[in-house]
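These protein sequences, in sequence, are chains A and B. Last residue of the first sequence? That's 512 in this note's numbering, and every number before it is there in order. Last residue of the second sequence? That's 512 in this note's numbering, and every number before it is there in order. Report on the following structure.
Number of protein chains: 2
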Amino acid sequence: MARSPRSMGVNMGDIARLANVSKPTVSRVLNGSPLVTAETRDRVLEVAREHGYAVNRNAQRLRNIRTDTIGVVLDFGSHRQGRIADPFIFELLAGVSEALSVRNQDLLLSPPGLSNGKSYVDLIRSRASDGFIFLGQGDREPLLRELARAQVPFVVWGAVNPAEPYCAVGSDNLLGGRLAGELFRKRGARRWLFIGNTDHAEIRMRHDGLCAIARQEPAVHVERLQVEHMAYASTYAGCVAWLRDHPAPDAVFAFSDTAAMAVIAAFREAGLHAPRDYALVGYNNIPPAGDFTPAITTIEQETHLAGAILVEKLMQQIEGGRAKSTLLPTRLILRET
Amino acid sequence: MARSPRSMGVNMGDIARLANVSKPTVSRVLNGSPLVTAETRDRVLEVAREHGYAVNRNAQRLRNIRTDTIGVVLDFGSHRQGRIADPFIFELLAGVSEALSVRNQDLLLSPPGLSNGKSYVDLIRSRASDGFIFLGQGDREPLLRELARAQVPFVVWGAVNPAEPYCAVGSDNLLGGRLAGELFRKRGARRWLFIGNTDHAEIRMRHDGLCAIARQEPAVHVERLQVEHMAYASTYAGCVAWLRDHPAPDAVFAFSDTAAMAVIAAFREAGLHAPRDYALVGYNNIPPAGDFTPAITTIEQETHLAGAILVEKLMQQIEGGRAKSTLLPTRLILRET
DNA sequence: TTGTAAGCGTTATCAC
DNA sequence: GTGATAACGCTTACAA
Numbered sequence: 176m177a178r179s180p181r182s183m184g185v186n187m188g189d190i191a192r193l194a195n196v197s198k199p200t201v202s203r204v205l206n207g208s209p210l211v212t213a214e215t216r217d218r219v220l221e222v223a224r225e226h227g228y229a230v231n232r233n234a235q236r237l238r239n240i241r242t243d244t245i246g247v248v249l250d251f252g253s254h255r256q257g258r259i260a261d262p263f264i265f266e267l268l269a270g271v272s273e274a275l276s277v278r279n280q281d282l283l284l285s286p287p288g289l290s291n292g293k294s295y296v297d298l299i300r301s302r303a304s305d306g307f308i309f310l311g312q313g314d315r316e317p318l319l320r321e322l323a324r325a326q327v328p329f330v331v332w333g334a335v336n337p338a339e340p341y342c343a344v345g346s347d348n349l350l351g352g353r354l355a356g357e358l359f360r361k362r363g364a365r366r367w368l369f370i371g372n373t374d375h376a377e378i379r380m381r382h383d384g385l386c387a388i389a390r391q392e393p394a395v396h397v398e399r400l401q402v403e404h405m406a407y408a409s410t411y412a413g414c415v416a417w418l419r420d421h422p423a424p425d426a427v428f429a430f431s432d433t434a435a436m437a438v439i440a441a442f443r444e445a446g447l448h449a450p451r452d453y454a455l456v457g458y459n460n461i462p463p464a465g466d467f468t469p470a471i472t473t474i475e476q477e478t479h480l481a482g483a484i485l486v487e488k489l490m491q492q493i494e495g496g497r498a499k500s501t502l503l504p505t506r507l508i509l510r511e512t
Numbered sequence: 176m177a178r179s180p181r182s183m184g185v186n187m188g189d190i191a192r193l194a195n196v197s198k199p200t201v202s203r204v205l206n207g208s209p210l211v212t213a214e215t216r217d218r219v220l221e222v223a224r225e226h227g228y229a230v231n232r233n234a235q236r237l238r239n240i241r242t243d244t245i246g247v248v249l250d251f252g253s254h255r256q257g258r259i260a261d262p263f264i265f266e267l268l269a270g271v272s273e274a275l276s277v278r279n280q281d282l283l284l285s286p287p288g289l290s291n292g293k294s295y296v297d298l299i300r301s302r303a304s305d306g307f308i309f310l311g312q313g314d315r316e317p318l319l320r321e322l323a324r325a326q327v328p329f330v331v332w333g334a335v336n337p338a339e340p341y342c343a344v345g346s347d348n349l350l351g352g353r354l355a356g357e358l359f360r361k362r363g364a365r366r367w368l369f370i371g372n373t374d375h376a377e378i379r380m381r382h383d384g385l386c387a388i389a390r391q392e393p394a395v396h397v398e399r400l401q402v403e404h405m406a407y408a409s410t411y412a413g414c415v416a417w418l419r420d421h422p423a424p425d426a427v428f429a430f431s432d433t434a435a436m437a438v439i440a441a442f443r444e445a446g447l448h449a450p451r452d453y454a455l456v457g458y459n460n461i462p463p464a465g466d467f468t469p470a471i472t473t474i475e476q477e478t479h480l481a482g483a484i485l486v487e488k489l490m491q492q493i494e495g496g497r498a499k500s501t502l503l504p505t506r507l508i509l510r511e512t
């Protein structure tokens, strides 16, 4: 088979020659153009198959405006303090991966440590991707505002705040917080403890929801334990320290089920058991939550839709439109704690 | 700024003109060639910075032999039966992502459902990636052999079997199985139950290790409960059904900590408690394992090195070399069960 | 319905 | 040291 000197394999020209057609015809066949005769099409496809030909995606992307690649950004850092704490974010990733492949978009997993706005803008400029999906906004709100200003197409899974200049999809964290608050109120708890890093908008909104209910009960007092990292260990240590300096709460709302497990362990050290001594609500409804001892009451997020919705909204933007933020439902899963 | 008709932004030609040099010079500057004068270099860099220029990666990849992109394949399917069971695989992903970014390689996350060998070969042929990293070989051994035959550069995290024609990195699953077996023997257990899908080579080797120890004790009998999926629910249901038809085991070795949690729950239904009624060993040492009630005895894998090693071995292959399989150490984490 | 020609933005080669 | 030129493999006018 004749091939050009630097060529690595068979190219479109080779297929064209072997099928007795021109390059554009091969291109048309491969792109499903209706213009070609069925006969020509079959011949070209046969030759292509026979020679194991696959279109060079880089040449394609050089010519085309779209790269059909989406950058996906997730915070390995905050979820990986030694070991990843919560499988939640990866369910999201699985959903996004699936939704992208349905649309024939490549998923470029963003390297860790891509922190400043310029690096994302450069990825677009270098035509490495058409847009971004951020899984969890973390503490990156300034970055996201910068990208919005720079007209970079992107969507965010996380806190939904209509005041922000970008499209976010997330569950109703405010409602999540209120659901926990309502349960605590029903149980007659007075000293509520919120555990989580409120620098993260999602978590802050849960705190706000909890406080909204608390304000309706004059006797209720909400305290807050700020934990730095998402991992189990950091919550455990935080709780142990907290219990040394403070009177024990009778209700605890933790930012994740993994954190709730840490709460249970730390409180047990102090002789405190849920639900006997305190009510406990986690978040995410991860698989082991229901099977822990005690079974953890939690807030479930509707994540199975998230991937498809995120991709849909991003595509709208890439195609030049605007996409509105969306709130997904949330519900309380009542268990032992 | 003058730009070519179909152009999307500023390109190398523009920068060249603005800096009063030629395109190749700009290229040399950007690739850190020692040939250019410091003065020229600074001028070019300044102009590039000023205009927010970023090299077009597609043009680059079209010219170059390497694409500097690695496909990473993970089994969302088997880990996501409704909900992802085990965060273990994602720690691996985090490590790989980090190791790739250190080497300036893009991470193309493989779409789910890329099952036959041809689709992987085509990804190479279409120059979308230089090679693959498979996280977990799952039940894909035939596929992997096919790829090895087709000379596709790839590495696998999973079972290490010197007889296989490809490079695998993984922890010593045989040893893992033996560690569990030795513990069971020390406890004087007689009826051992292995839980896991032995279609997966990694799991099969753990079974083999367990049986190797069992054979040294004439009184010991090993049974096996095959579970289809990696998720919690499938193990739970399997155990419940198993206990109906079989006498209770006095030792259980589960394929993951999540599965061990399912065992605990299912056995409790039957009035059986670890460690009183049976010894239990899990796998992976995920964060909640130590804090479960009872705290789960488990086998820990050295995953923090995995990413770097996998990437290293893959690069060796891409650069034309051969890479040897590697076994990583494993150890028993003794807890309550 | 198909073919010709041009160009996408790089980098390698070779000349100066 | 730097520049002109020619690919890399594809798609989009435009012509036939």
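Backbone N, C-alpha and C define an ideal beta-carbon position, used for all residues, glycine too.
Given 8 Å, three or more beta-carbon pairs between the segment 443-455 of chain A and the segment 267-275 of chain A: Flag = no, the segment 443-455 of chain A and the segment 267-275 of chain A do not touch.
Rounded separation between residue 179 of chain A and residue 189 of chain A - CA only: With a pLDDT of only 37 at residue 179 of chain A, under 50, the local geometry of the prediction cannot be trusted, and the value read off the model is given with reservation. Rounded to whole angstroms, residue 179 of chain A to residue 189 of chain A spans 9 Å at the Cα level.
Closer than 8 Å to chain A by CB, residue 287 of chain B: yes
8 Å Cβ cutoff met for residue 464 of chain A and residue 474 of chain A: Between residue 464 of chain A and residue 474 of chain A, the CB-CB gap reaches or exceeds 8 Å.
Under 9 Å by beta carbon: chain B residues contacting residue 283 of chain A: 244, 281, 282, 283 and 284
Proximal residues of chain B, C-beta to C-beta of residue 343 of chain A below 8 Å: Within chain B, no residue comes near residue 343 of chain A; the closest Cβ sits about 22 Å away, beyond 8 Å.
Short Cβ contact (8 Å threshold) for residue 313 of chain A with residue 375 of chain A: yes
Beta-carbon spacing of residue 237 of chain A, residue 233 of chain B below 8 Å: yes
Beta carbon proximity, residue 477 of chain A to chain B, threshold 8 Å: For residue 477 of chain A, the answer is no, since every Cβ of chain B falls outside 8 Å of its Cβ.
Residues that residue 440 of chain B contacts on chain A, provided the C-beta gap is smaller than 8 Å: 466
Beta carbon of residue 512 of chain B nearer than 8 Å to that of residue 450 of chain B: A distance below 8 Å separates the beta carbons of residue 512 of chain B and residue 450 of chain B.
Beta-carbon neighbours of residue 302 of chain A, restricted to chain B and to distances below 8 Å: Near residue 302 of chain A (Cβ distances below 8 Å), the residues of chain B are 183, 231, 232 and 233.
Same chain only: Cβ atoms within 6 Å of residue 251 of chain B, ignoring 5 sequence neighbours per side: 287
Unbroken stretches of the beta strand (DSSP E), 3 residues or longer, contained in the segment 376-416 of chain A: 396-400
Residues that DSSP places opposite residue 492 of chain A in a beta bridge: The partner list for residue 492 of chain A (beta bridge, DSSP) is empty, contrary to what the question assumes.
Exposure of residue 421 of chain A, with buried meaning 16 or more beta-carbon neighbours within 10 Å: Here residue 421 of chain A is exposed. Its C-beta has fewer than 16 other C-beta atoms within 10 Å.
Neighbour-count burial assignment, residue 416 of chain B, 16 or more Cβ in a 10 Å radius: exposed
Contact with chain B by residue 311 of chain A, beta-carbon distance below 8 Å: no
Residues that residue 407 of chain B contacts on chain A, provided the C-beta gap is smaller than 8 Å: Those are 462, 463 and 466, listed as they occur along chain A.
Cβ distance (whole Å) where residue 378 of chain B is taken to contact residue 371 of chain B below 8 Å: The C-beta distance from residue 378 of chain B to residue 371 of chain B rounds to 4 Å, short enough to meet the 8 Å contact threshold.
Cα-Cα separation, residue 326 of chain B to residue 193 of chain A: Approximately 26 Å between the Cα atoms of the pair.
Whole-angstrom C-beta distance between residue 309 of chain A and residue 222 of chain A, which should lie under 8 Å: Their Cβ separation, rounded to whole angstroms, is 44 Å, which puts residue 222 of chain A and residue 309 of chain A out of contact at 8 Å.
Under 7 Å by beta carbon: chain B residues contacting residue 236 of chain A: Chain B residues near residue 236 of chain A: 233.
Residues of the segment 325-343 of chain B whose Cβ lies closer than 8 Å to any Cβ of chain A, in chain order: none
Members of the segment 216-228 of chain B that neighbour chain A once the beta carbon cut-off is set at 8 Å: Contact annotation: in the segment 216-228 of chain B, residues whose CB is within less than 8 Å of a CB in chain A are 227 and 228.
Residue ranges of each beta strand (DSSP E) within the segment 257-302 of chain A, 3 or longer: 281-284
Of the residues B:302, B:343 and B:300, the one placed nearest residue 514 of chain B, counting alpha carbons only: Nothing can be reported for residue 514 of chain B: it is not among the residues displayed for chain B, which extend from 176 to 512.
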